[in-house]
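Note sheet for the following structure.
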Amino acid sequence: MTQRSWDRKDLLGLEDLSAAEIESILDAAVSFKSSEAPKNHSKLSNRTLAFLFSEPSTRTRSSFEVAARRLGAEVLGFSAASSSLLKGESLLDTVRNLEAMGVDYFVVRHELSGVLMPLAPKTKASLINAGDGAHEHPTQALLDLFTLREKKGTLKKLKVVIVGDVAHSRVARSNIFALLKFKAAVTVCGPTALIPHDIASLGVSVSQDLDHALKDADAVNVLRLQLERQKENLVTSLNDYYQAYGLTAERLAKNPDCMVLHPGPMNRGVEISSQAADGPQSAILEQVKNGVAVRMAVLSLIEGWRARHG
């Protein structure tokens, strides 16, 4: 697939994307990451991008802002947390008003799952999902896949373990949707209370034994324990959780080829030890670096669609 074959105004999730579409993003990201690639581009020089984040973010928002500026876009310094959304204005009305001012792209993080689906057809602006509830976080999964492909040489038939708070993780769902398109074997691992009861229907294996799951894994993606999203206490104690599901150097030593991913922010000593997070098998900071190239690729492909459709 070439960049010109991209045919989407928005990026709302990975569930509906084909493997070829995902690869087109990853391939475009390679060129943006190249050491020979210029840091400043003009592809979005006449565009304006705004953030609509109703949840906190450091990595995703900063990464998108760096990506947009490197492509030449004007970035609107707008905070949803201090906007008319707090006065009861709907997300659609906010988008329409900002669109009337000339905003072309909205990068949106929202606490409600699927909030962008009905919104996208009602605006000419492009919407990019930066995390909606426990639904999807597509660009995080894309940078995870980019890092995996870069380190392992392929995505096909990899064995990937996703461990932790799967129930509240939009990162897990986007990773599962994408990895299965490449025939990867995905195992989700964690205490029963943090694993959705119907998760196996997506095509993944389920385990409560992290040591067994890691035995021949190519990579492990460690999820943050999202205590703020839990409506009741689903973990008896953080120490017990760490003993059963914490990724440690001792566990990793049994599989030196297992690559470590984490979407951040990390709770050291809860879901991962410092030795595992900072050790030779960790690709966590490489993920962060790759996030800029991946988000430049997403914006660039969508801009190609906008240029063709006026």
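When we follow the numbering used here, the leftmost residue of the sequence shown carries the number 13, and every step to the right adds one.
Note that the Cβ used here is the ideal one computed from N, Cα and C, for glycine as well.
If you're wondering where the values come from, they're calculated on a predicted model, not measured in any experiment.
So what does DSSP say about residue i, is it helix, strand or coil?
{"i": "L235", "result": "coil"}
{"i": "A142", "result": "strand"}
{"i": "L23", "result": "strand"}
{"i": "I314", "result": "helix"}
{"i": "V172", "result": "strand"}
{"i": "P133", "result": "helix"}
{"i": "V300", "result": "helix"}
{"i": "S43", "result": "helix"}
{"i": "H321", "result": "helix"}
{"i": "L167", "result": "coil"}
{"i": "D223", "result": "helix"}
{"i": "V306", "result": "helix"}
{"i": "V247", "result": "coil"}
{"i": "F189", "result": "helix"}
{"i": "H180", "result": "helix"}
{"i": "F158", "result": "helix"}
{"i": "I37", "result": "helix"}
Please report the distance separating the alpha-carbon of residue i from that of residue j.
{"i": "F76", "j": "R307", "result": "6 Å"}
{"i": "V198", "j": "I188", "result": "7 Å"}
{"i": "G25", "j": "L157", "result": "14 Å"}
{"i": "R182", "j": "L235", "result": "10 Å"}
{"i": "N267", "j": "L226", "result": "7 Å"}
{"i": "D290", "j": "A153", "result": "21 Å"}
{"i": "S286", "j": "L259", "result": "9 Å"}
{"i": "L206", "j": "A49", "result": "42 Å"}
{"i": "S138", "j": "D22", "result": "5 Å"}
{"i": "L167", "j": "G100", "result": "44 Å"}
{"i": "T151", "j": "S249", "result": "32 Å"}
{"i": "Q255", "j": "D230", "result": "22 Å"}
{"i": "H180", "j": "T106", "result": "27 Å"}
{"i": "L311", "j": "G89", "result": "18 Å"}
{"i": "A184", "j": "S213", "result": "14 Å"}
According to DSSP, what are the bridge partners of residue i?
{"i": "V17", "result": "Note that residue 17 corresponds to Ser in the displayed sequence, not to Val. Note: S17 sits in no beta bridge, so no partner."}
{"i": "S217", "result": "T199"}
{"i": "E148", "result": "D144"}
Identify every run of the alpha helix (DSSP H) within the region 254 to 298, keeping only runs that are complete inside it and at least 4 residues long; order them along the chain. 261 to 265, 286 to 290
Between the region 63 to 73 and the region 35 to 55, do three or more beta carbon pairs fall short of 8 Å? no
Below 8 Å, can you find three or more Cβ-Cβ pairs linking the region 118 to 135 to the region 143 to 154? yes
Which residue spans inside the region 46 to 123 form an unbroken alpha helix (DSSP H) run of at least 4? 71 to 82, 103 to 112
Does the region 38 to 54 come within contact of the region 290 to 306, defined as at least 3 CB pairs closer than 8 Å? yes
Hey, is the region 32 to 39 in contact with the region 276 to 295, meaning 3+ C-beta pairs nearer than 8 Å? no
Could you tell me whether the region 253 to 272 touches the region 109 to 118, where touching means 3 or more Cβ pairs closer than 8 Å? no
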